[in-house]
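Protein sequence lines, in the order shown, are assigned to chains A and B. Going by numbering that gives the first Met the number 0, the first residue of the first sequence is number 0, and it counts up by one from there. Going by numbering that gives the first Met the number 0, the first residue of the second sequence is number 0, and it counts up by one from there. The beta carbon of each residue, even a glycine, is placed where N, CA and C say it ideally should be. Worksheet: the structure to be examined is printed underneath.
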Amino acid sequence: MIEFTFWDIVRNLLFATRWTVALSLAAFVGGTIVGVVILILRISTHDWARRFGKGYIALFQGTPLLMQLFLIFFGMPMLGFRIEPWTAAVLCLTFYASAYLAEIWRSGVEALPAGQWDAGRSLGLHRVQELRLIILPQAFSITRAPIVGFLVQLIKATALTSIIGFDELLRTSNAINNATFEPFKVYGLVAVIFFVLCFPLTQYARMLEARQTAH
Amino acid sequence: MSYSLDFGWLYDALWAIARGASMTVLLIAVTTVFGTLISIVLAAGRRSKIPLLRQAITAYVELIRNTPFLVQLFFIYFGLPSLGIRLDPIAAAILAMTLNMAAYTTEIVGAGLDAVPTGQKEAALALGLRPRQVFVKIVLPQALQIIFPALTSQVVIMMLESAVVSQISVSELTYEGDMLQARTFRAFETYFIITLVYLALSIGLRRLLVGVGRATLPAGVS
Numbered sequence: 000m001i002e003f004t005f006w007d008i009v010r011n012l013l014f015a016t017r018w019t020v021a022l023s024l025a026a027f028v029g030g031t032i033v034g035v036v037i038l039i040l041r042i043s044t045h046d047w048a049r050r051f052g053k054g055y056i057a058l059f060q061g062t063p064l065l066m067q068l069f070l071i072f073f074g075m076p077m078l079g080f081r082i083e084p085w086t087a088a089v090l091c092l093t094f095y096a097s098a099y100l101a102e103i104w105r106s107g108v109e110a111l112p113a114g115q116w117d118a119g120r121s122l123g124l125h126r127v128q129e130l131r132l133i134i135l136p137q138a139f140s141i142t143r144a145p146i147v148g149f150l151v152q153l154i155k156a157t158a159l160t161s162i163i164g165f166d167e168l169l170r171t172s173n174a175i176n177n178a179t180f181e182p183f184k185v186y187g188l189v190a191v192i193f194f195v196l197c198f199p200l201t202q203y204a205r206m207l208e209a210r211q212t213a214h
Numbered sequence: 000m001s002y003s004l005d006f007g008w009l010y011d012a013l014w015a016i017a018r019g020a021s022m023t024v025l026l027i028a029v030t031t032v033f034g035t036l037i038s039i040v041l042a043a044g045r046r047s048k049i050p051l052l053r054q055a056i057t058a059y060v061e062l063i064r065n066t067p068f069l070v071q072l073f074f075i076y077f078g079l080p081s082l083g084i085r086l087d088p089i090a091a092a093i094l095a096m097t098l099n100m101a102a103y104t105t106e107i108v109g110a111g112l113d114a115v116p117t118g119q120k121e122a123a124l125a126l127g128l129r130p131r132q133v134f135v136k137i138v139l140p141q142a143l144q145i146i147f148p149a150l151t152s153q154v155v156i157m158m159l160e161s162a163v164v165s166q167i168s169v170s171e172l173t174y175e176g177d178m179l180q181a182r183t184f185r186a187f188e189t190y191f192i193i194t195l196v197y198l199a200l201s202i203g204l205r206r207l208l209v210g211v212g213r214a215t216l217p218a219g220v221s
């Protein structure tokens, strides 16, 4: 049996943390790209597009993330794709994030006064220009606090990918725990690492929110 | 590669799915009751005049909100026995869910308490009610009315999050799904059905809570 000192445990956990961070970033970037598409569908003037956007968001917000992970992990091979835990994790968290981000941005779009749309139209802007130049920049900027708040939720959500076998922080800690039989220490440390990742973001979101209400 | 979907196993599995779903409903029902009650106490405590109490509650709320639920669950189920606290899976799941939910609802209830105009409290005190009566009879009902929609969302989120307690072998909906797919080798179809059940549960739970809110709280609940 290998002996683990306290520092061995910490070092291994910190090493695994980079996968948690990488997955969070990949899902956030992917979620932003897909989320903008969903947002545009959700606020489209076409009925079918709006309904699709609404259904997409309702589906991802109304089912457990764990089930979404399982469906992608077990479903993709049926379509003939070999899928690694990393790919499944990124893909799934991207879709998951896109639904939440689109919904947050939609609330931002709806918070804008109707005059913004009227002004755009009276300037003779095309709908795409209107969205790109007037509506979306404002919607993005007023929703910065909830977006940072969602990033915290996303980082915490990466822990679930340990269940489909992605070697992030929690899965590594399960392995260390199986070798050391010190669950109190190991899971305590994991909680501390997640806290260190998330707490500054939570505070930042709070600061953004305070700044927003001060205006 | 051709693959044909097969739902032939479903008829025999209905009972297991129903059993799992009722365990999920039971977990969330218990969690909602305890979580809400605890969060009312904590939200009130966070507005008390004792700094140590306020700081302790804030620390608890921040700790829970900034760590994943799955880690909290593992810490309680695997970690606490080294302190001599050994819980069976269902008790550990309920404890973890309640602690998690209470942290979120403490913020929600607190926001509701802050939203009740201070004139309400002053008027009640002027009428000679004792401070506790003022809180229970005047401030709290109005706060609950304000936060009811947010509370409803939190309950649904917690219900969806409870899927991970299958990892400590609590036989709820996801766990029954795991067992079924291990027997039928139809992982995709199994989890597809389980996902639909979750979707139905979350829609049903939201409807139920909104209905209860309409029936018991004064106007203004959507």
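For this session: Assess, as a yes-or-no matter, whether the stretch 59 to 66 of chain A is touched by the stretch 183 to 198 of chain B under the definition of 3 or more beta carbon pairs within less than 8 Å.
Result: yes
For this session: Figure out for me which residue from A/D7, A/G29, A/E102, A/Q67 has the closest Cα to the Cα of A/R49.
Result: Locating residue 49 of chain A in the first sequence gives position 50, where the first residue counts as 1. The candidate whose alpha carbon is nearest that of A/R49 is A/E102.
Exercise. Does DSSP put A/F183 in a helix, a strand or coil?
Worked result: Taking the first residue of the first sequence as position 1, residue 183 of chain A is located at position 184. If DSSP states are grouped into helix, strand and coil, A/F183 belongs with the helices.
For this session: Taking only beta-carbon positions, decide if B/F77 is within less than 7 Å of chain A.
Result: Position 78 of the second sequence holds residue 77 of chain B. Output row for B/F77: interface = yes.
For this session: List the whole-angstrom C-beta distance separating B/L172 from B/A20, where the pair is believed to meet the contact cut-off of C-beta under 8 Å.
Result: Stepping through the second sequence from its first residue, residue 172 of chain B is reached at position 173. Stepping through the second sequence from its first residue, residue 20 of chain B is reached at position 21. Yes, they are in contact, since the Cβ atoms of B/L172 and B/A20 sit about 5 Å apart, within 8 Å.
Problem set entry | Collapsed DSSP secondary structure at B/F184 in the structure displayed | By 1-based counting over the second sequence, the position of residue 184 of chain B is 185. Of the three classes helix, strand and coil, the one that applies to B/F184 here is coil, per DSSP.
Problem set entry | Partners in chain B for A/Y186, counting only beta-carbon separations shorter than 7 Å | In the first sequence, the residue the question calls residue 186 of chain A occupies position 187. Those within 7 Å of A/Y186 in chain B are V70, F73, F74, F77, G78.
Problem set entry | A/G74: contacting residues in chain B (beta-carbon distance under 9 Å) | If you number the first sequence from 1, residue 74 of chain A lands on position 75. Residues of chain B passing the Cβ test: A186, F187, Y190, F191.
Exercise. How would you label A/F14, buried or exposed, when you count the other beta carbons within 10 angstroms and need 16 or more for buried?
Worked result: On the first sequence, residue 14 of chain A is found 15 positions in, with the first residue counted as 1. With fewer than 16 other Cβ atoms within 10 Å, it is exposed.
Exercise. By Cβ distance below 8 Å, which residues in the same chain neighbour B/G223 in space, the five residues on each side in sequence not counted?
Worked result: Coverage of chain B is limited to positions 0 through 221, which leaves residue 223 of chain B absent and any answer about it impossible.
Exercise. Going by the CB atoms, is the gap between A/C91 and A/L68 shorter than 7 Å?
Worked result: As a first step, residue 68 of chain A is located in the first sequence; it is residue number 69 there, counting from the start. As a first step, residue 91 of chain A is located in the first sequence; it is residue number 92 there, counting from the start. Closer than 7 Å, so yes.
Problem set entry | Per-residue contacts from A/P182 into chain B (C-beta, under 9 Å) | For the purposes of this step, residue 182 of chain A is taken as the residue at position 183 of the first sequence. Ordered by position in chain B, the residues that pass the 9 Å Cβ test against A/P182 are F73, F74, Y76, F77, G78, L79, P80, S81.
Exercise. Is it right to say A/R81 is buried, meaning 16 or more other beta carbons lie within 10 angstroms of its own, or is it exposed?
Worked result: Indexing the first sequence from 1 puts residue 81 of chain A at position 82. A/R81 is exposed by the Cβ-count criterion.
Problem set entry | Terminal residues of the alpha helix (DSSP H) in which A/P84 lies | Position 85 of the first sequence, counted from the start, is the residue given in the question as residue 84 of chain A. Residues 84 to 110.
For this session: Pull up the distance between the alpha-carbon of A/Y186 and that of B/V70, whole angstroms please.
Result: By 1-based counting over the first sequence, the position of residue 186 of chain A is 187. By 1-based counting over the second sequence, the position of residue 70 of chain B is 71. In a straight line, the C-alpha of A/Y186 is about 7 Å away from that of B/V70.
For this session: Count the other CB atoms, across all protein chains shown, that sit within 10 Å of the CB of B/D113; report buried if there are 16 or more and exposed otherwise.
Result: Counted from its first residue, the second sequence places residue 113 of chain B at position 114. Its Cβ having fewer than 16 others within 10 Å, B/D113 is exposed.
For this session: Locate the alpha helix (DSSP H) running through B/P50, then write down its first and last residues.
Result: Taking the second sequence and counting its residues from 1, one reaches residue 50 of chain B at position 51. Unbroken alpha helix (DSSP H) run through B/P50: 50 to 64.
For this session: Answer with buried or exposed for A/W6, where buried requires no fewer than 16 other C-beta atoms within 10 angstroms of its C-beta.
Result: The residue labelled residue 6 of chain A in the question sits at position 7 within the first sequence. When all chains shown are included, A/W6 counts as exposed.
Problem set entry | Any C-beta of chain A under 7 Å from that of B/Y2 | Taking the second sequence and counting its residues from 1, the one referred to as residue 2 of chain B is at position 3. So, interface residue.
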